[in-house]
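K.L.:
Using the working numbering, read the sequence shown as starting at 702 and increasing by one per residue. Idealized CB from N, CA, C, for every residue including glycine. Supplied in structure tokens, the structure appears directly below.
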Amino acid sequence: MKSLVCVLVAVASSYALSQGTPPTVVLDVQSVQGTIVKGLVKVDFAPGLHGYQNPPALEYQIPITVKGGPGVTVVKAQYPKGTPMRMAGEDKDSMVYAGQIAIPVELKLAHTGGSVSVVLGYQECTDQSCYPPSTVTASFTQQPLVRHPTPKPLVPVKKAVSPKSKSKLSAKARHKKKPKHKSAHFR
702 MKSLVCVLVA VASSYALSQG TPPTVVLDVQ SVQGTIVKGL VKVDFAPGLH GYQNPPALEY
762 QIPITVKGGP GVTVVKAQYP KGTPMRMAGE DKDSMVYAGQ IAIPVELKLA HTGGSVSVVL
822 GYQECTDQSC YPPSTVTASF TQQPLVRHPT PKPLVPVKKA VSPKSKSKLS AKARHKKKPK
882 HKSAHFR
């Protein structure tokens, strides 16, 4: 029974290792003008993992790509320059992205409002081997533009009173008869 548990743990561990740790991807929207969105795709690789620069240094390497999700077209993506890294068994340096990177993007939306998403394509590697290519989606929910009418004041605006009419009012107020109060006097 112990050997069966050890075999299952070993299989589960090798499966987890074969998948790698996907990078964290965030779509940081900086401006929205109609159907054009400008922002950054921020990518954070786990320690010891990296992705290949776009364009890759070597022909067979699978670079990082940013594609639009449903209703989103990538107009421009400015991939940063990677850092050189010598991979096991290679005689030439590869250009890689490790740690955190930011990819400035310009996106065109099919419509305004709703969700904006991008898909990051990548192949993560260690300095010894690579995992199968995969994708991660990052989204941003855009609030629709709502125009509200100008509210009307709740209290009616009083008309301005001229000094002349003000003195007439105060004279009338002085000449008003005061109401008589009945009072009982006890002696």
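(1) Hey, quick one: how far does the beta strand (DSSP E) through K777 stretch, first residue to last?
(2) Do the region 795–803 and the region 747–758 touch if we need at least three Cβ pairs shorter than 8 Å?
(3) Within the continuous beta strand (DSSP E) that includes Y798, where are the two ends?
(4) Alpha carbons only, please: which of Q731, T836, Q824 and K743 is nearest the one belonging to Y889?
(5) Pull up the distance between the alpha-carbon of Y780 and that of L728, whole angstroms please.
(6) On a CA-only basis, which of Q731, T813, P764 and G735 is nearest Y832? Give me that one, please.
(7) Is the beta carbon of V817 less than 8 Å from the beta carbon of P723?
(8) Return the residue from the list L741, I737 and V776 that minimises the CA-CA distance to V730.
(9) Nearest to K804 by CA position, among K782, L810 and E791, is which residue?
(10) Just how far apart, CA to CA, sit A811 and V744?
(11) Using only alpha-carbon positions, find the residue among G770, V819 and D828 that is nearest to P748.
(12) Using the beta-carbon count (16 or more within 10 Å), is G721 buried or exposed?
(13) For P723, which three-state DSSP category applies?
(14) So who's on the other strand from K743, going by DSSP bridges?
(15) Check L810 in the structure and name its three-state DSSP category.
(16) Assign V776 to buried or exposed, taking buried as 16 or more other Cβ atoms, counted over all protein chains shown, within 10 Å of its Cβ.
(17) In whole angstroms, what is the alpha-carbon distance linking C707 and E791?
(18) Closest to F746 by C-alpha separation, out of L759, T725 and G772, would be which residue?
(19) Rounded to whole angstroms, what is the Cα-Cα separation between V773 and V767?
(20) Between V806, I802 and C826, which has its C-alpha nearest M788's C-alpha?
P.N.:
Considering the structure as presented:
(1) Unbroken beta strand (DSSP E) run through K777: V773 to A778.
(2) Output reads yes: the region 747–758 touches the region 795–803.
(3) Unbroken beta strand (DSSP E) run through Y798: D794 to A799.
(4) No statement about residue 889 is possible, as the shown extent of the chain runs from 702 to 888 and does not include it.
(5) When rounded, the separation of the alpha-carbon atoms in Y780 and L728 is 15 Å.
(6) Among Q731, T813, P764 and G735, the Cα nearest to that of Y832 belongs to P764.
(7) P723 sits away from V817, with the two beta carbons spaced by 8 Å or more.
(8) For V730, the closest of L741, I737 and V776 by C-alpha to C-alpha distance is L741.
(9) According to the sequence displayed, residue 804 carries Ile and not Lys. Distances from the alpha-carbon of I804 to those of K782, L810 and E791 put K782 closest.
(10) Take the alpha-carbon of A811 and the one of V744: they are about 25 Å apart.
(11) Looking at the Cα atoms, D828 is the closest of the given residues.
(12) Around the C-beta of G721, 16 or more other C-beta atoms lie within 10 Å, and the residue is accordingly described as buried.
(13) Looking at P723 - three-state DSSP - the assignment turns out to be coil, as it is neither helix nor strand.
(14) Note: K743 sits in a beta bridge opposite V727 and A803.
(15) Three-state result, L810: strand.
(16) By the Cβ neighbour-count rule, V776 is exposed, with fewer than 16 other Cβ atoms within 10 Å of its own.
(17) Reliability of the predicted coordinates at C707 is poor, the pLDDT of 30 falling under 50, and no value is obtained from them.
(18) Closest option to F746, judged by alpha-carbon separation, among L759, T725 and G772: T725.
(19) In a straight line, the C-alpha of V773 is about 11 Å away from that of V767.
(20) Restricting attention to V806, I802 and C826, the CA atom closest to the CA of M788 is found in C826.
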